[in-house]
Amino acid sequence: MNPPRVWITGAGGLLGSYLLKTAPQFAPDWRILGLRRGELDLTDFTAVRARFQADRPDAVIHCAAIAHPPACQREPEAARELNVEATRWLAELAADLPFFFYSSDLVFDGERGGYVETDAPNPVSVYAETKVAAEQIVLANPRHTVLRLSLNFGKSPTGNRAFNELLRNDLAAGKNFSLFTDEFRSPGAALVTARATWELLRQRAAGLFHVCGADKLSRWEIASLLLSRWPALPGQVQPDTIKNYHGPPRPQDSSMNCAKVQRLLPFRLPGMAEALAANPGEVA
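In terms of my numbering, the sequence shown is residues 1 to 284.
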């Protein structure tokens with residue numbers, strides 16, 4: 001009997017690469033079909049449909065996206081094409097299959113934090129708008145699953161996808177900058193996110209879930225957990241307040257509550273400090 005096949009889009013990115021490398025441990029019964037950028041243009045529906053019909057996957061985990069909010073602000077049409085329309089096409093192709101889509105804590109306006117799945121999104125950026133639109137498409141099918149994530153840390157194949165990689169790269173380049181003490185997220189380890197995804201796929205869990213770290217941390221607190229690992233880097237980081245920020249709108253507190261998904265998982269979602277201590281090699 002042939003093993004079931006799972007499509008993973010964005011397999012060359014942070015989360016896609018963690019799904020690939022954790023599959024032997026957490027999804028040994030699946031045959032992994034990883035799709036990387038350059039192999040298949042997800043905005044070319046004719047090509048996507050042909051590849052889908054050739055591969056005949058039994059499940060889809062959709063990681064591919066334009067995930068950098070400033071890039072979405074600069075090119076909103078490109079963001080909608082990949083983040084919304086490609087998701088629509090994939091969800092239609094996988095209408096009778098488990099389909100997992102990664103969304104973001106940034107769908108919330110950040111006015112209060114501690115968000116649960118029943119809280120209404122209120123996006124304040126193009127990126128967040130595309131995620132909300134895609135969520136609605138995916139959740140229209142009762143077989144399908146949306147996982148809202150916060151910042152994920154780890155090691156990507158390109159070395160520039162995770163927020164810890166971007167921070168380290170800037171410091172290595174000698175850049176000096178500030179991070180807010182009053183902007184909050186619920187950072188999680190990409191390794192843990194991958195493990196949770198495989199477990200939820202095993203259970204065929206459908207619907208909307210928040211998958212994130214167990215604690216609420218400011219941008220400054222997040223950086224402080226990382227800076228001690230890089231004492232020799234020339235750049236410097238200083239604390240600041242979001243009150244001094246004058247750029248495009250950004251949520252002040254998009255921290256999330258992960259109690260709903262925690263009830264389904266056979267392991268505890270850790271906070272950032274605990275995750276770093278358990279797997280110190282996951283951050284360079």
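Idealized CB from N, CA, C, for every residue including glycine.
It should be emphasised that the depicted structure is a prediction, and the values quoted were computed from it without experimental measurement.
>> Just to check my reading of the structure: residue 146 and residue 101 have Cβ atoms closer than 8 Å, yes? What is that Cβ distance to the nearest angstrom?
In response: Indeed, because the Cβ distance is near 5 Å, the residues count as touching under 8 Å.
> What does a CB cutoff of less than 6 Å around residue 151 pick up in its chain, not counting 5 residues either side in sequence?
Replying inline: Closer than 6 Å at Cβ, skipping near neighbours: 163, 185 and 187.
>> Please identify the residue among 16, 17, 30 and 21 whose C-alpha is closest to the C-alpha of residue 1.
In response: 30
> How would you call residue 9, buried or exposed, if buried means at least 16 neighbouring beta carbons within 10 angstroms?
Replying inline: buried
> What residue range is occupied by the uninterrupted beta strand (DSSP E) comprising residue 99?
Replying inline: 99 to 104
> Who are the Cβ neighbours of residue 3 in its own chain at under 7 Å, not counting the five residues just before and after it?
Replying inline: So the list reads 29, 30 and 31, once near-sequence residues are dropped.
>> So for residue 1, helix, strand or coil by DSSP?
In response: coil
>> On the CB-based measure, 16 or more other CB atoms within 10 Å of its CB, does residue 247 come out buried or exposed?
In response: So residue 247 ends up on the exposed side.
> Going along the chain, which unbroken runs of the beta strand (DSSP E) with 3 or more residues stay wholly within the stretch 15 to 78?
Replying inline: 31 to 35 and 59 to 62
>> By the DSSP assignment, the alpha helix (DSSP H) with residue 163 in it spans what residues?
In response: Element bounds for residue 163: 163 to 172.
> Tell me the DSSP bridge mates of residue 256?
Replying inline: 115
> Under the rule that 16 or more other beta-carbon atoms within 10 Å means buried, what is residue 189, buried or exposed?
Replying inline: buried
>> Looking only at its chain, what residues have a beta carbon closer than 6 Å to the beta carbon of residue 69, apart from the 5 residues adjacent to it on each side?
In response: 125 and 127
> So residue 345 is in the beta strand (DSSP E); what residue range does that whole segment cover?
Replying inline: The chain is shown only over 1 to 284; residue 345 falls outside these bounds and no answer can be derived.
> Per DSSP, residue 214 forms a beta bridge with which residues?
Replying inline: Answer by DSSP bridge pairing: none, since residue 214 is not bridged.
> What does DSSP give as the partner residues of residue 178 in its beta bridges?
Replying inline: 238
> Quick one: Cα of residue 11 to Cα of residue 23, how far?
Replying inline: 12 Å
> So residue 146 is in the beta strand (DSSP E); what residue range does that whole segment cover?
Replying inline: First-last of the beta strand (DSSP E) with residue 146: 145 to 149.
> Can you check whether the CB of residue 60 is closer than 9 Å to the CB of residue 90?
Replying inline: yes
>> Applying the 10 Å Cβ sphere with the 16-neighbour rule, what's the burial state of residue 197?
In response: buried
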